[in-house]
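For what it's worth, our numbering labels the leading residue of the sequence shown as 1, then goes sequentially. All C-beta atoms in this analysis are idealised placements derived from N, C-alpha and C, irrespective of residue type, glycine included.
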Amino acid sequence: MKNTRLRYIAILSCLLYFSISTNSQELKQSLNPPQYNLASPTELQEELCSIPFDNHEREAFMAKLFIQAGAKPEDVQKQPIDISEQPFHNIYVVKPGKTKNIIVVGGHLDHVSVGQGIIDDWTGACAVTNIYQAIKDIPTNHTIVFIGFASEEKGLLGSRAYVRSLSEETKANHKVMVNLECLGAGESLVWVNGSDKELVDKLNDTAKKANLPLSEHTLNGVGADSNSFRAVKIPAITIDGLPQDKFSFIHSNEDKCENVNQKFYYNSYRLAVNYLLDLDQINNSAINTDEQPKKP
Ligand SMILES: [Zn+2]
């Protein structure tokens, strides 16, 4: 009888302890929700200006930045995009979400031989690793793929290889692609005739809510990695920071660190972080692909 009572008391205390410790954990979580870990403007600028010139070395540098942002080395994936002896690779990290629905955020790693390829498009690829840093500990509904595409300048080869590698089922789970291209020469812009309208509307909402500058512009005769996704009916959008009067910077000796405005670049970075978190909240059935863009 005594033994039974003791055992009963012991079980009761265990249950009580378990329930208190669980409650205190929950309480701690609600008092300290996961924080955005935004990079500072100085950090961004340093990472932007220390990029190597060689396109293969850039892949290793992007992997390094993902690890610096908090990824485990084994979580950084390399996807070869051709079968040559020294293939180029897409470099990416996947942040698992609560559902199978996928958002891709990307920029391109490579650059042409003229200029340093900082604006076009290390600004995009470098922002991708820092967006990962900002939201990696925030629970998301969507699984998010953070990716640097190889060989965009040779005809969107990296993004084409990525979409080609998807099974029909995985492709259907891809709900949105956000492409970051040529940021920081001016304030944020959206390539309105190369992006799906619902995504442009949503981006305008985000910018208004976050009090960040955003304008729309129309560009003809250009290509971007978002095209590869739209070509297979995955809704996509390109955010850039290249106003008409700065076009001459691209593919020229003016594509250098000094021509990236730190404030504009930081605003685009924050816009992209806010946008991804807003996209994560939307009901995917609300997004439809509108008409396809012209091939680059
Ligand atoms: Zn580019």
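Residue i and residue j closer than 9 Å at C-beta
i: Lys-209; j: Asp-278; result: yes
i: Asn-130; j: Tyr-36; result: no
i: Ile-239; j: Lys-175; result: no
i: Val-260; j: Gly-194; result: no
i: Val-178; j: Leu-109; result: no
i: Ala-161; j: Gln-79; result: yes
i: Lys-98; j: Pro-139; result: yes
i: Val-325; j: Leu-203; result: With the chain covering 1 to 296 only, the question about residue 325 has no answer from this structure.
i: Asp-201; j: Ala-236; result: no
i: Lys-95; j: Val-163; result: no
i: Gln-262; j: Gln-68; result: no
Closer than 8 Å: residue i CB and nearest ligand 1 heavy atom
i: His-108; result: yes
i: Gly-194; result: no
i: Gly-124; result: yes
i: Asp-205; result: no
i: Ala-224; result: yes
i: Glu-254; result: no
i: Ile-257; result: Correcting the residue type first, residue 257 is Cys in the shown sequence and not Ile. Checking the Cβ of Cys-257 against ligand 1 gives no.
Buried or exposed by the 16-neighbour rule on C-beta atoms within 10 Å, applied to residue i
i: Phe-149; result: buried
i: Gln-298; result: Residue coverage of the chain in this structure runs from 1 to 296, which leaves residue 298 outside it and unanswerable.
i: Gly-155; result: exposed
i: Ser-188; result: buried
i: Gln-244; result: exposed
i: Val-128; result: buried
i: Gln-25; result: With a pLDDT of only 46 at Gln-25, under the threshold of 50, the placement of this residue in the model should not be trusted; the figure read from the coordinates follows. Result: exposed.
i: Thr-206; result: buried
Residue i (DSSP reduced to helix, strand or coil)
i: Phe-247; result: helix
i: Gly-194; result: helix
i: Glu-254; result: coil
i: Lys-298; result: A query on residue 298 cannot be resolved here, the shown segment of the chain reaching from 1 to 296 and no further.
i: Ala-71; result: coil
i: Gly-158; result: helix
Spatially closest choice to residue i from the options, by CA coordinates
i: Glu-85; options: Glu-74, His-56, Glu-47, Arg-230; result: His-56
i: Ile-83; options: Gly-158, Ala-207, Phe-53; result: Gly-158
i: Ser-40; options: Asp-205, Gln-133, Phe-229; result: Gln-133
i: Ser-228; options: Asn-220, Ser-248, Ser-165, Ser-50; result: Ser-165
i: Val-253; options: Gln-68, Ile-119, Ser-50; result: The amino acid at residue 253 is misidentified as Val; the sequence shows Asn. Residue Ile-119 is the option with its Cα nearest to Asn-253.
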